[in-house]
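Protein chains in written order, with our numbering: chain U, 208 to 433; chain L, 757 to 1186.
Glycine included, C-beta positions come from ideal geometry on N, C-alpha and C.
Report on one structure; see the data block that follows.
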Amino acid sequence: MRQTIPLLITGIVGAVLVVAYFIPHPPFDSLREEFAIFFDIIAAIAFILGGGNLIKMHGNRVSRRKEGWVYSLVTVVGFLAMLAVGLTKLGNPGGIKDSSVTAAGSYFDWLYQYVFRPCGATMFAMLAFYVASASFRAFRAKNAEATLLLVVAFIILLGRTFVGTLATAWLPAELHFLTVPYLAEKIMTVLNFAGNRAIMIGIALGIISTSLKVIIGIDRSYLGGD
Amino acid sequence: MVLTAKPLSPLHCDLESHATPQPRPSHLRSSLQLALIALALVWVPAVAAVDEAGPAAGAPAPPTNLVARDTPSDRGESITIAWTRPPEDTGPGGPVTGYRILRAAAPDGPFEPIGQASPGRSQYADRDARDGVDFYYRVEALSAGAPAASAIVGPVQARPQWLNTNQWNVFVILALLLGFNLYFIEHIKKGGKPYIRQIAGLEAVAEAVGRATEMGRPILFVPGIQDMNDIQTVAGVTLLGHIARTVAEYDSRLVVPTSRSLVMTTARETVKEAYLAAGRPESYDENSIYYVTDEQFGYVAGVNGYMVREKPATCFYLGAFFAESLILAETGNSIGAIQVAGTAQPAQLPFFVAACDYTLIGEELFAASAYLSGEPKQLGSIKGQDVGKLLSIASIVIGVLVLTAAAVTGWGPLVSIGHFVRELWSTALV
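Given below as structure tokens:
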């Protein structure tokens, strides 16, 4: 029974939504939106579980003074502060009756703009260094394929800078197809695009196949059993 | 002048009905009648000549062949109006500056403007038509001069349809894939032995879990940053079930930080059932599957912090990933973890390939669950997927050849076949 009911719900809802895709007539036309609302409601309820879990996990670490408990304290304080400011709408020009939590001038907006966003931007900025280190490893010419990758990457990198333009600017017009920017563009728009499309077709077929498996009930791994 | 002349066409008739009548003293009627007869003898042929060449200087001919019909394959509340453009409509920048579409509830009006179409267009969809109500339409060609109005069409009603015939290609492909899947499932059930190529990343799962067990370090599983309504997350959580079972059998430790509450609850149930199936329910630790934050980089910071502190021996990244993919994978690389990644985000695949030991590319992520289960009915679905891929490759090759031949020869049947193949795949997989 623990598996039968979820399987039935999955199968019926999945099949109805697939059929609804081909029926524009009411009530089928709005089923997708209706189920999306159901999903949002479930996700909102689950968020209470998530928030509770966060407080429990980090609260335990703080109370037991586990290693790195200070970070947990920052997490708990940050979570509660944002929650309190958001719920009470402190500093909100329209007061607590204002429908917007993020109104300009509110404390919530201030915390978001001057604490939250810089922290997110800092993490994102780290990406540049990670790209450099990953590229360094990926472009080492260990074998023929890696060498090809290195050459192609070099052309692309060069073609996207002024150096690429300057390096082959001396070529006559009839040899335009040998200029670095031209080669870089052709690699991106022809070779890369073709490969990308092949992957996309495979992904699309995989999505259809997986969805059918889940709807029919062949794949029950998400329920823990085979 | 045209407005007071004898109507020569429906256009003139229409415009006349909108003209403001001029007051004329009754005692002058008889003399005016005589004068008008005299004028008519000279003037009517002149007006007729103008009408043949165009209604007036600067005014285009009206749109003709006006047709209004219920928009097909829709949810109702829409009527499509089509017309033949006047010869003066040479597109943007030409003498016709656009078309005004007017609608009325009765043939004699009043007609209200409901929208405009650009020059060069010959169709307009009225998306504000109540179902089951009669409507009449008229289209005016606009120019620097007076608008030239078409004849009136109607009545026409909007109605919702029961079948969206525009999606026939999606239906055909879906039916074919379903058929292939079911056929191969039955075929393998009856003892057919499918050939499934080895997927290195999945073959390495047991090795990766074993390594973590030997090292006494945890195994990290990251199910992406999307919610359960994303099929990649579903595929990731499905794989989590298989991996959790292996982890339970090895009696190792699995840690699953999630960025969505719903993924956390689903992952908990999945892992719990996997531990139960492996016969080790007592080893299941609910706290090892926990929620971090919905925020992308906050989540990355939390997971990275865990990786740097706890140094998991194995990291799985299976699900939907975006800019955080490389940050996670490079951190995993820096701590020396064996890493298996899989996503259907083409833009993130190069990052995973560069930073991870094994990467499941696109469709492999979706085939992975069936591959790991080894069940005949699941393996049948992989074969069905493969045949679908073969069909798409064949369609591409045939389509390219046929369209090339059609372009060279211009032979009608080839053009039709080429269009059919193109249409079959044009919107089916987007």
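Residue from the options with nearest C-alpha to residue i
{"i": "PHE716 of chain L", "options": "L:THR989, L:LEU1159, L:ALA1126 and L:ALA1057", "result": "Nothing can be reported for residue 716 of chain L: it is not among the residues displayed for chain L, which extend from 757 to 1186."}
{"i": "LEU390 of chain U", "options": "U:GLU381, U:ILE410, U:VAL359 and U:ALA401", "result": "U:VAL359"}
{"i": "VAL284 of chain U", "options": "U:ILE262, U:THR295 and U:ALA348", "result": "U:ILE262"}
{"i": "LEU1105 of chain L", "options": "L:VAL1012, L:ALA1023, L:TYR939 and L:GLU1120", "result": "L:GLU1120"}
{"i": "THR1099 of chain L", "options": "L:MET1020, L:ILE1154 and L:GLY1075", "result": "L:GLY1075"}
{"i": "PRO388 of chain U", "options": "U:ASN267, U:ALA380, U:GLY371 and U:GLY402", "result": "U:GLY371"}
{"i": "ALA1187 of chain L", "options": "L:ALA1097, L:MET1063 and L:LYS949", "result": "In the structure displayed, chain L extends from 757 to 1186; residue 1187 of chain L sits before or after that span and is not available."}
{"i": "TYR951 of chain L", "options": "L:GLY1130, L:ILE1152 and L:ALA1162", "result": "L:GLY1130"}
{"i": "LEU958 of chain L", "options": "L:GLY980, L:GLU942 and L:LEU995", "result": "L:LEU995"}
{"i": "LYS1067 of chain L", "options": "L:TYR1073, L:GLY1088, L:LEU1084 and L:GLN1052", "result": "L:GLY1088"}
{"i": "PRO848 of chain L", "options": "L:GLU1080, L:PRO875 and L:ALA902", "result": "L:PRO875"}
{"i": "LYS393 of chain U", "options": "U:ALA243, U:ILE363, U:MET333 and U:LYS296", "result": "U:ILE363"}
{"i": "ALA824 of chain L", "options": "L:THR836, L:LEU1128, L:ALA815 and L:ASP983", "result": "L:THR836"}
{"i": "GLN872 of chain L", "options": "L:CYS1071, L:ALA861 and L:PRO903", "result": "L:PRO903"}
{"i": "VAL889 of chain L", "options": "L:ASP826, L:SER1125 and L:LEU1018", "result": "L:ASP826"}
{"i": "GLN923 of chain L", "options": "U:PRO325, U:ALA328, U:ALA227 and U:PHE336", "result": "U:ALA227"}
{"i": "GLY424 of chain U", "options": "L:LEU938, L:GLY980 and L:PRO869", "result": "L:LEU938"}
{"i": "ALA905 of chain L", "options": "L:ALA962, L:ALA815, L:ARG1065 and L:PHE940", "result": "L:ALA815"}
Reduced DSSP secondary structure (H/G/I, E/B, other) of residue i
{"i": "PHE977 of chain L", "result": "strand"}
{"i": "ASN920 of chain L", "result": "coil"}
{"i": "PHE229 of chain U", "result": "coil"}
{"i": "PRO1013 of chain L", "result": "strand"}
{"i": "LEU858 of chain L", "result": "strand"}
{"i": "LEU898 of chain L", "result": "strand"}
{"i": "PRO863 of chain L", "result": "coil"}
{"i": "TRP276 of chain U", "result": "helix"}
{"i": "GLY871 of chain L", "result": "strand"}
{"i": "GLY1174 of chain L", "result": "helix"}
{"i": "VAL220 of chain U", "result": "helix"}
{"i": "GLY910 of chain L", "result": "strand"}
{"i": "PRO801 of chain L", "result": "Summary for PRO801 of chain L: the model assigns pLDDT 39, below 50, so the residue's position carries little reliability; its value from the coordinates is reported in the next sentence. The answer is helix: DSSP assigns PRO801 of chain L an H, G or I state."}
{"i": "TRP377 of chain U", "result": "coil"}
{"i": "ARG1024 of chain L", "result": "helix"}
{"i": "TRP1167 of chain L", "result": "coil"}
{"i": "PHE346 of chain U", "result": "coil"}
{"i": "GLN988 of chain L", "result": "helix"}
{"i": "GLN879 of chain L", "result": "strand"}
{"i": "ILE837 of chain L", "result": "strand"}
{"i": "ARG367 of chain U", "result": "coil"}
{"i": "ASN260 of chain U", "result": "helix"}
{"i": "ASN299 of chain U", "result": "coil"}
{"i": "ALA904 of chain L", "result": "strand"}
{"i": "ARG324 of chain U", "result": "helix"}
{"i": "THR827 of chain L", "result": "coil"}
Residues of its chain near residue i, where Cβ-Cβ distance is below 7 Å and the 5 sequence neighbours each way are ignored
{"i": "PRO234 of chain U", "result": "none"}
{"i": "THR736 of chain L", "result": "Not covered by the structure: residue 736 of chain L. The range shown for chain L is 757 to 1186."}
{"i": "GLY266 of chain U", "result": "VAL283"}
{"i": "LEU1028 of chain L", "result": "According to the sequence as given, residue 1028 of chain L is Lys; it is not Leu. Correct list, in chain order: TYR1040."}
{"i": "SER279 of chain U", "result": "HIS265, ARG268 and VAL269"}
{"i": "LEU1146 of chain L", "result": "none"}
{"i": "ALA791 of chain L", "result": "The predicted model places ALA791 of chain L with a pLDDT of 43, which falls under 50 and marks its position as unreliable; any figure quoted below should be read in that light. Closer than 7 Å at Cβ, skipping near neighbours: no residue."}
{"i": "PHE1122 of chain L", "result": "ALA991"}
{"i": "ASN920 of chain L", "result": "SER829"}
Cutoff 8 Å; reference residue i; Cβ partners in own chain excluding five residues on either side
{"i": "VAL1048 of chain L", "result": "PRO1013, THR1014, SER1015, GLY1054, TYR1055, GLY1058 and VAL1059"}
{"i": "GLY966 of chain L", "result": "TYR1006"}
{"i": "LEU318 of chain U", "result": "ALA288, MET289 and VAL292"}
Neighbourhood of residue i by C-beta, 6 Å cutoff - its chain only, sequence neighbours within 5 removed
{"i": "VAL292 of chain U", "result": "TYR314 and PHE315"}
{"i": "GLY997 of chain L", "result": "THR1026 and ALA1030"}
{"i": "LEU297 of chain U", "result": "TYR314"}
{"i": "VAL223 of chain U", "result": "none"}
{"i": "MET971 of chain L", "result": "ALA1069"}
{"i": "THR375 of chain U", "result": "THR386 and VAL387"}
Min CB distance residue i to chain B below 8 Å
{"i": "GLU833 of chain L", "result": "The displayed structure is made up of protein chains U and L, and chain B is not among them."}
Could you tell me which uninterrupted alpha helix (DSSP H) segments, each at least 4 residues in length, are contained entirely in the region 1111 to 1157 of chain L, listed from first to last along the chain?
Here the runs fully enclosed are 1119 to 1129.
Cβ contact check for the region 905 to 916 of chain L and the region 875 to 894 of chain L: 3 or more pairs under 8 Å
Three or more beta-carbon pairs separated by less than 8 Å link the region 905 to 916 of chain L to the region 875 to 894 of chain L, which places the two stretches in contact.
Would the region 1083 to 1092 of chain L and the region 375 to 383 of chain U be scored as touching if the rule is three or more Cβ pairs under 8 Å?
Using a Cβ-Cβ distance cut-off of 8 Å, the region 1083 to 1092 of chain L and the region 375 to 383 of chain U are not in contact, since fewer than three pairs of beta carbons, one from each stretch, lie closer than that value.
Taking contact to mean 3 or more Cβ pairs, one atom from each stretch, closer than 8 Å, check whether the region 964 to 975 of chain L and the region 1171 to 1179 of chain L are in contact.
Too few Cβ pairs lie closer than 8 Å, so no.
Would you check if there are 3 or more beta carbon pairs closer than 8 Å linking the region 247 to 255 of chain U to the region 1029 to 1038 of chain L?
These segments do not touch.
Check whether the region 854 to 864 of chain L and the region 897 to 910 of chain L are in contact - that is, three or more C-beta pairs closer than 8 Å.
The region 854 to 864 of chain L makes contact with the region 897 to 910 of chain L, as at least three CB pairs between them are under 8 Å.
Do three or more CB pairs link the region 1038 to 1047 of chain L to the region 272 to 291 of chain U at distances below 8 Å?
Not touching, per the Cβ criterion.
Counting only runs that start and end within the region 913 to 972 of chain L, where is the beta strand (DSSP E) found for 3 or more residues in a row?
Counting only runs of 3 or more, we get nothing.
Counting only runs of 3+ residues fully inside the region 1028 to 1103 of chain L, write out the beta strand (DSSP E) ranges in chain order.
The DSSP assignment places complete beta strand (DSSP E) segments of no fewer than 3 residues inside the region 1028 to 1103 of chain L at 1045 to 1047, 1070 to 1076 and 1094 to 1099, in order along the chain.
I want to know whether the region 228 to 244 of chain U touches the region 824 to 842 of chain L - three or more CB-CB distances under 8 Å.
Contact between the region 228 to 244 of chain U and the region 824 to 842 of chain L is present, because at least three Cβ pairs lie under 8 Å.
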